[in-house]
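Residue numbers (our numbering): 479 to 601.
Here is the structure:
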């Protein structure tokens, strides 16, 4: 089904983009510019990597048509949605306007995919 392909590509993309972003930030040693407190930063990055792994696995499972992929997709979308809303708050305080706009648009797209998937795939 087309929606499952779209969902799979979206979750894989969200997971890969998030993981790659943090890998680049860590390699360049600029993570302190995003979140100053080291302990808070560590757990934020761990949470985002967990979200990335779950999203990538869910996306691959959707594309492969696995029976267990839909529940994992909803978990991944919840994690993605939480990460987006949390990031909006963090980066709005730092006045990263363009990033906040991108995050808000991503949040709307994520919510639209969740609602559409619930209506089309679950009901």
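Just so it is clear, CB atoms sit at the ideal spot from N, CA and C, and this is done for glycine as well.
Chain-order list of residues whose beta-carbon lies under 7 Å from that of residue i (same chain, five-residue window excluded)
| i | result |
| --- | --- |
| residue 512 | 503 |
| residue 588 | 555, 558, 559, 562 |
| residue 598 | 481 |
Residues near residue i by beta carbon distance below 6 Å, same chain, minus five either side
| i | result |
| --- | --- |
| residue 430 | The displayed coordinates of the chain run from 479 to 601. Any statement about residue 430 would go beyond what the structure contains. |
| residue 569 | 577, 578 |
| residue 523 | 500 |
Residue range of the unbroken alpha helix (DSSP H) whose run includes residue i
| i | result |
| --- | --- |
| residue 513 | No alpha helix (DSSP H) holds residue 513; DSSP gives it neither H nor E. |
| residue 551 | 547-571 |
| residue 493 | 480-505 |
Same chain only: Cβ atoms within 8 Å of residue i, ignoring 5 sequence neighbours per side
| i | result |
| --- | --- |
| residue 594 | 481 |
| residue 553 | 532, 536 |
| residue 543 | 482 |
| residue 528 | 557 |
| residue 519 | 509, 510, 512, 513 |
| residue 591 | 484, 485, 488, 555 |
Of the residues the options, the one placed nearest residue i, counting alpha carbons only
| i | options | result |
| --- | --- | --- |
| residue 581 | 600, 526, 564 | 564 |
| residue 600 | 519, 509, 547 | 547 |
| residue 534 | 492, 549, 596, 575 | 492 |
| residue 539 | 530, 529, 551 | 551 |
| residue 467 | 571, 596, 569 | The requested residue 467 is not part of the displayed model; the chain covers only 479 to 601. |
| residue 494 | 575, 526, 578, 522 | 526 |
Whole-Å CB distance - residue i paired with residue j, under 8 Å assumed
| i | j | result |
| --- | --- | --- |
| residue 484 | residue 541 | Incorrect: roughly 10 Å between the Cβ atoms, too far for contact. |
Reduced DSSP secondary structure (H/G/I, E/B, other) of residue i
| i | result |
| --- | --- |
| residue 521 | helix |
| residue 596 | helix |
| residue 527 | helix |
| residue 508 | coil |
| residue 537 | helix |
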